[in-house]
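Number of protein chains: 2
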Amino acid sequence: MWKPDRESKKPLYAQIADHLEQRISYGEFPPGSQLPSERKLAEQLGVNRSTVILAFSELRSMGIIEGKSGSGTRVTMTKWGATPKHTPNWKRYAEGGNFLPNLPFMRRIREALSGAPALIDFASGELSGDLAPSEEISNLMSRHQYTAYLGYDHPQGYIPLRQVLVPYLNKYRQIQTTESSILITSGSQQSLYLITQCLLSPGDAVAIEDPSYCYSLPMFQSAGLRLFRLPVDRDGACPEDLRALYRRHRIKMVFLNPNYQNPTGAVLGMERRKRLLELASELGLPVVEDDPFSLTSYGGMPPAPLKAMDAAGSVLYIGSFSKIAASGLRVGWMVAPNAIVERLADARQQMDFGLSVIPQQVAAQFLKSDYFEPHLDRLRMQLQFKRDLLIAALKRELTGLISFTVPEGGLHLWCKLVPQVHDGKLLEEAIRRGVVFVPGSVYGSDSGYVRFTFARARAEDIDAGISRFAEALRALLEVPSP
Amino acid sequence: MWKPDRESKKPLYAQIADHLEQRISYGEFPPGSQLPSERKLAEQLGVNRSTVILAFSELRSMGIIEGKSGSGTRVTMTKWGATPKHTPNWKRYAEGGNFLPNLPFMRRIREALSGAPALIDFASGELSGDLAPSEEISNLMSRHQYTAYLGYDHPQGYIPLRQVLVPYLNKYRQIQTTESSILITSGSQQSLYLITQCLLSPGDAVAIEDPSYCYSLPMFQSAGLRLFRLPVDRDGACPEDLRALYRRHRIKMVFLNPNYQNPTGAVLGMERRKRLLELASELGLPVVEDDPFSLTSYGGMPPAPLKAMDAAGSVLYIGSFSKIAASGLRVGWMVAPNAIVERLADARQQMDFGLSVIPQQVAAQFLKSDYFEPHLDRLRMQLQFKRDLLIAALKRELTGLISFTVPEGGLHLWCKLVPQVHDGKLLEEAIRRGVVFVPGSVYGSDSGYVRFTFARARAEDIDAGISRFAEALRALLEVPSP
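Top to bottom, those sequences are chains Y and W. Mapping to the UniProt record's numbering: the first sequence position 22 is 22, numbers consecutive. Mapping to the UniProt record's numbering: the second sequence position 432 is 432, numbers consecutive.
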C-alpha cells in the first residue's frame with residue numbers, strides 16, 4: 001500500500017495531503033463521508049499522529065475536508081462540482097444487511113498487523129511462510145502444464161482433486177468415501193458458511209464447544225442462530241451435556257473440533273466419541289466435524305475422526321489444507337451425503353460461482369507428489385519445535401502467572417492467566433510493545449485466557465515475543481486499579 | 001466421474017448396482033434418503049434407463065433399497081447395522097435456510113451438459129477453451145517463481161493485482177482510482193452477492209433491467225429483495241422509468257449492465273447515461289454497474305463506463321476476467337468508496353476468508369505481460385467471427401421464424417421467436433437433438449425469447465447446432481396443440 005517517501009524533499013504531511021486529496025477526488029471518500037481517524041491513518045502510513053494532523057489541517061484550509069481534529073473528519077459536500085451532488089449515503093448502506101462485522105478485537109489485531117508488519121504475531125492462526133511448502137508448490141507449478149480448460153468448474157469442485165482426496169481421506173483419516181460425496185470449498189470457512197446459511201434457519205439452536213473458535217466467527221450470529229455451549233475439558237466436550245442441551249433447546253446441529261481443538265488443544269476422548277455418535281444417532285442430530293489439525297499430530301497418528309466411525313451417517317466432515325500446507329491456497333473439502341453436497345454446491349454457485357481451478361490443480365498435484373509426506377514430517381517436527389520454544393519462554397518469563405496444558409498437535413497454546421487483567425488493556429499494552437495474541441474472550445471464554453499461536457511467528461522471534469508479552473502483563477499488574 | 005466400463009465382462013447393470021451399493025455404504029445416500037431418479041442416473045452414467053432399472057431391481061432384491069420403479073427409490077432404513085439408526089433427516093436440512101435453489105431451467109441445462117458433454121452448448125455464458133489464454137497462462141506459470149508467501153491474503157485481495165488494476169482501469173475503462181478502492185472478488189458473481197447480502201436488507205426495493213441476467217440469479221430473491229423492472233430497448237434502460245419506479249417503490253439501488261447488456265446486447269445510449277447519473281445524484285441512489293463485456297467490443301473502443309463520468313460518487317463498478325480471459329480464474333473486482341470496500345471485505349472474511357493468492361498472482365502477471373493486448377485482439381476477432389457464423393446459420397435455417405438485433409460486443413445473441421412455442425418443451429426437444437440454449441424466461445422476459453451464446457461452442461459446431469435447434473423448433477410447430 002502507499003506510504004510516504006521519506007527520501008523525498010517534499011514534507012511528509014504534504015505528501016499525505018496530496019495522497020488523500022487524490023483518493024477523495026477519485027471517489028474513495030465521497031462528499032460527506034468520514035475519513036479514517038488520525039490514529040488509524042498514522043498507523044497505516046507509519047507516521048506520527050501529528051503528521052496526519054498537519055495533513056488534515058492542509059486539506060481543511062483548502063476546503064476539501066471539514067470537522068475538528070480528533071472528532072471525525074468529513075469530506076465537504078460542496079467542493080466537488082459546481083452544485084452540491086447527492087452522494088448516496090454509503091455509510092447507511094454499509095450498516096445495512098444481515099451481516100455482522102468481525103469482532104472488534106479481531107479487527108484491532110488485523111489493523112495493528114497491517115500497520116506494523118514487524119509485530120511478533122502470536123495471533124494469526126496459520127503457518128509461518130517457511131513452514132508452508134512454497135518451494136514445492138512453485139516447483140510443481142513450473143513443472144506441470146496447466147493448460148487444462150479454464151472454464152467454469154464443476155459446481156462440486158475440480159474432479160481430479162476430488163479423485164485424489166478419496167485415497168487421501170482413506171489413508172490419513174480412515175474415511176471411506178467417493179468423489180461424488182466431496183465438495184471442494186474455499187477452506188473450512190466456506191464449508192461452515194454454507195452449512196450455517198443453507199442448512200439452518202434463523203432462530204435454530206446449535207451447540208458449539210466452549211471455548212470455541214466458532215465464537216470468533218460472527219457468521220453464526222449473522223445467520224440468526226442461537227448458540228449453546230458445550231464446556232470443553234481435557235477430553236473435549238461431554239455427550240451428557242449435549243443431551244441436556246438437546247432436551248432444553250431442541251438443538252438442530254452440533255459443531256465439534258475433536259482433534260487438537262481450537263483454541264484449547266483438547267482431544268476428544270475415545271469413549272466420548274462413541275457416546276456422542278450414539279447420541280447423535282439416537283436423536284437424529286447432525287454433527288459437523290471440523291478436522292483441520294489432525295495431520296499436525298506431533299507424535300504420529302492422531303485419533304480417527306468421528307466420520308470414520310459414523311455408521312448412522314450423522315457426520316458432515318470438514319477438512320482443509322490451510323493448517324497443514326498453506327492457508328493462501330484456500331482449498332478445503334466437505335464429505336457429506338448426496339442431498340447436502342448437491343444443495344450446498346448449488347447455493348455456492350450463487351455466491352461465487354465456485355473456486356478457481358488453478359489452486360485446485362496445484363493442490364491435487366501436491367497431494368499426489370512425492371513432496372507431500374516429507375512436507376508433513378518436516379511440518380510436524382517444526383511445529384513441535386516451536387511449541388517447545390514457546391513453552392520454554394513462558395516458563396522462563398511467566399512461571400506462576402500462567403498455566404496451560406501442553407498440546408500434542410495443532411498450532412495453538414491455550415493459557416490461563418493467574419492474575420486478573422483486562423483483556424483489552426492487555427492487548428493494547430502488548431501491541432505497544434510489538435506483540436499480538438488473541439484474548440480468550442474472542443472464543444467465548446471468560447476473560448483471563450490467552451491463545452498463543454506458535455506456528456505463525458518465526459522461531460527466532462518467539463523468545464522476544466514472550467518477553468514483550470510478559471512486560472505488557474507486568475505493566476498492568478503494577479498499576480493498581482483505580 | 002465414475003462411468004461403467006463397457007469393455008468389462010461384467011454386465012453394465014451389475015457394475016452400476018455395485019457402484020451404487022458402495023456409495024450407499026459410504027453414507028453418500030444414508031438410510032431413508034432418496035436415490036436420484038432413473039432418468040437422471042441414466043443420463044449421468046450414459047446408459048439406457050432400462051439398465052438403471054435393472055440395477056435398481058438388483059439392489060431392491062438385496063434389501064438395500066425400496067420403493068417402486070419410477071416413483072422415488074429410497075435406501076432402506078434397517079439394512080445397515082443391526083438396529084435401525086436414526087440418520088438425520090438430511091432432506092429437511094437441505095430444504096432449510098434462506099437460500100433459494102437455482103432456477104429449474106438452469107439446473108436442467110447443467111444436468112443435460114454433465115450427462116452428455118457432446119451437446120452443442122449455446123447456453124453456458126463463457127468462452128470456449130480455445131478462446132481462453134490457456135497457453136499464455138501456462139507459460140507465465142512456468143516462467144515465474146510463485147514462491148510468494150502463501151498465507152492468508154489481504155482482506156481486499158492481493159496487493160500487486162490491485163496495483164496492476166489501477167493503470168488497467170485507467171487505460172481501458174477511463175476510471176481513475178487507487179488500489180485501496182479496489183476489492184478483488186471471485187468473479188462478478190461474488191461482487192453481486194456481497195452487495196445484495198451486505199448493503200441491502202430484506203424487503204428493500206431494487207431496480208434491474210428487463211430482461212436481465214439478474215433474474216437468472218436467485219441470489220436477489222434469496223436476499224429478500226423486491227425486484228422492479230426497467231425495460232431495455234436498443235439504447236438500454238430509460239432514466240424516466242427509473243424515476244417512476246423510485247417514486248412508487250423507494251428504490252434503494254439500481255443494477256445496470258450498460259455495455260453489451262446480458263442478454264440483449266444493448267448499449268446504453270450516451271444521453272441516457274448522463275441523465276441516469278444526474279438522476280442518481282439527485283436521488284442519492286447507488287448504481288451498480290456491471291461491466292464484464294466492454295473489452296470484447298468488436299469495433300474498437302466501447303463507450304466509457306458510467307463510473308468514468310461519476311462525479312457524485314454514485315457508482316459501484318464491477319469488472320472481471322471471466323468474459324475476456326477465463327472464467328475458471330475466478331478473478332473479478334469492484335471499485336467502490338472506502339466505507340463499502342471495507343465493509344464488504346470484512347464480510348467476505350466470514351464467508352470464505354478471501355481468494356486464493358495463486359490465481360490472483362497469475363492474473364496480475366497476465367495483465368502486465370505482453371500477452372494481454374494480442375490476446376484481446378484475437379479474442380475480439382474470434383468472437384466477431386463466431387457471431388457471424390451464428391447469424392449466417394440463423395438466416396439459413398430460420399428466416400421468418402426469428403428476429404434479432406446484431407450485437408457489437410459480448411458473447412450472446414438475443415432472439416425473438418416469431419411463432420408461439422412452449423419454453424420448456426422447446427428446451428427438451430433441443431436437448432434430445434443435442435443442443436442447448438437458455439430460454440428467455442430465465443431472464444425475466446416473456447416466453448418466446450432465446451439467448452444463444454456463440455462464444456462457448458466450437459466454431460465448427462455452430463452450423464450443426466442451429467440446424468438441430470431449427471429441427472427442434474419445427475418439431476413443435478408441426479404438432480398442433482391439443
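Beta carbons: idealized from backbone N, C-alpha and C, even for Gly. Note that the coordinates shown come from a computational prediction; the quantities given were computed from them, not determined experimentally.
Next item on the list: Determine the extent of the beta strand (DSSP E) in which His412 (chain Y) is found, giving its start and end residues.
Entry: 412 to 417
Note to self: Relative to the C-alpha of Lys252 (chain Y), which candidate in Y:Pro359, Y:Leu242, Y:Ala464 has its C-alpha closest?
What the structure shows: When each option's Cα is compared against that of Lys252 (chain Y), the closest is Y:Leu242.
Margin query: Between Tyr449 (chain W) and Lys416 (chain W), how many whole angstroms is the CB-CB distance? I'm expecting something under 8 Å.
Written below: 6 Å
Notebook entry, point to check: In whole angstroms, what separates the C-alpha of Tyr317 (chain W) from that of Thr296 (chain Y)?
Noted result: Inter-residue distance for Tyr317 (chain W) and Thr296 (chain Y) is about 43 Å (C-alpha atoms, whole angstroms).
Item checked: Min CB distance Ser222 (chain W) to chain Y below 8 Å -> yes
Next item on the list: Look at the Cβ atom of Ile462 (chain W), then the Cβ atom of Lys386 (chain W), and state whether they are nearer than 8 Å.
Entry: yes
Checklist line | Candidates Y:Arg229, Y:His19, Y:Pro263, Y:Met106, of which the one nearest Arg248 (chain Y) by Cα | finding: Y:Arg229
Item checked: Glu38 (chain Y), buried or exposed, once every other Cβ within 10 Å from all chains shown has been counted against 16 -> buried
Check: What first and last residue would you give for the beta strand (DSSP E) that runs through Val287 (chain Y)?
Finding: Its beta strand (DSSP E) spans residues 287 to 290.
Check: For the segment 159 to 183 of chain Y, which residues have a CB atom closer than 8 Å to at least one CB atom of chain W, in sequence order?
Finding: For the segment 159 to 183 of chain Y, which is checked against every Cβ of chain W, the residues closer than 8 Å are Ile159, Gln176, Thr177, Thr178, Glu179, Ser180, Ser181.
Note to self: Measuring straight from C-alpha to C-alpha, what distance separates Leu45 (chain Y) and Glu471 (chain Y)?
What the structure shows: Spanning the two alpha carbons is a distance of roughly 27 Å.
Note to self: Using a Cβ-Cβ cutoff of less than 6 Å, which residues in the same chain neighbour Gln15 (chain W) once the five nearest sequence positions on both sides are dropped?
What the structure shows: Pro4
Notebook entry, point to check: Within 8 Å (strictly less), CB to CB, does Asn259 (chain Y) reach chain W?
Noted result: no
Notebook entry, point to check: Helix, strand or coil: which one does DSSP assign to Phe99 (chain Y)?
Noted result: DSSP places Phe99 (chain Y) in coil when its eight states are reduced to three.
Next item on the list: Give the residues from the segment 188 to 200 of chain W that approach chain Y closer than 7 Å (Cβ to any Cβ), ordered along the chain.
Entry: Gln189, Gln190, Tyr193, Gln197, Cys198, Leu199, Leu200
Notebook entry, point to check: Is Val254 (chain Y) closer than 8 Å to Leu225 (chain Y) when the C-beta atoms are compared?
Noted result: no
Item checked: Reference Asn98 (chain W), options Y:Ala112, Y:Leu200, Y:Ser8, Y:Val287, closest by Cα -> Y:Leu200
Checklist line | Beta-carbon spacing of Phe353 (chain W), Gln189 (chain Y) below 8 Å | finding: yes
Item checked: Between the CA atoms of Leu227 (chain W) and Ser294 (chain W) - distance to the nearest angstrom -> 25 Å
Margin query: Can you pull the chain W neighbours of His86 (chain Y), defined as C-beta to C-beta under 9 Å?
Written below: Ala280, Ser281, Glu282, Leu283, Gly284, Leu285, Ala312, Ser314
Notebook entry, point to check: Where do the ends of the alpha helix (DSSP H) carrying Val166 (chain W) lie?
Noted result: Segment 159 to 173, the alpha helix (DSSP H) holding Val166 (chain W).
Notebook entry, point to check: What did DSSP end up calling Leu242 (chain Y) once you bin it into helix, strand or coil?
Noted result: helix
Check: What residues in the segment 421 to 450 of chain Y have a beta carbon less than 7 Å from any beta carbon of chain W?
Finding: none
Margin query: So, with DSSP's three-state summary, where would you put Arg226 (chain Y)?
Written below: Note: Arg226 (chain Y) maps to strand in three-state DSSP.
Check: What is the rounded straight-line gap between the Cα of Gly299 (chain Y) and the Cα of Glu408 (chain Y)?
Finding: If you take the alpha carbons of Gly299 (chain Y) and Glu408 (chain Y), they lie about 7 Å apart.
Margin query: Given the structure, does Trp333 (chain W) come close to the ligand ATP, in the sense that its CB is under 7 Å from one of the ligand's heavy atoms?
Written below: Looking for the ligand ATP in the displayed structure turns up nothing, as the structure carries no ligands at all.
Next item on the list: Check the C-beta distance from Phe437 (chain W) over to Arg451 (chain W) and give it rounded, since I have them as a contact under 8 Å.
Entry: With a contact defined as Cβ atoms closer than 8 Å, Phe437 (chain W) and Arg451 (chain W) qualify at about 7 Å.
Next item on the list: Identify the continuous beta strand (DSSP E) that holds Phe404 (chain Y) and give its terminal residues.
Entry: Membership of Phe404 (chain Y) in the beta strand (DSSP E) is indicated by the continuous run 402 to 404.
Next item on the list: Quick one: using the 10 Å Cβ neighbour count with 16 as the cut-off for buried, is Thr87 (chain W) buried or exposed?
Entry: buried
Next item on the list: Would you mind sorting Gln420 (chain W) into buried or exposed? The rule is 16 or more other CB atoms within 10 Å of its CB.
Entry: So Gln420 (chain W) ends up on the exposed side.
Margin query: Just to make sure I have the definition right: I need the residues of chain Y whose C-beta is within less than 8 Å of the C-beta of Leu225 (chain W). Which are they?
Written below: Residues of chain Y whose Cβ lies closer than 8 Å to the Cβ of Leu225 (chain W) do not exist; the shortest such Cβ separation is about 11 Å.
Margin query: So Ser216 (chain W) contacts chain Y; which residues on that side make the cut at Cβ distance below 8 Å?
Written below: Chain Y residues near Ser216 (chain W): none, gap ~10 Å exceeds 8 Å.
Note to self: For Ile431 (chain Y), which residues in the same chain have their Cβ closer than 6 Å to its Cβ, ignoring the five residues on either side in sequence?
What the structure shows: Ala112
Notebook entry, point to check: What three-state label does DSSP hand Ala326 (chain Y) in the structure shown?
Noted result: coil
Check: Which one or two residues does DSSP pair with Ala207 (chain W) in a beta bridge?
Finding: W:Phe228, W:Val254
Check: Is the shortest distance between the beta-carbon of Arg108 (chain W) and the beta-carbons of chain Y less than 8 Å?
Finding: Output row for Arg108 (chain W): interface = no.
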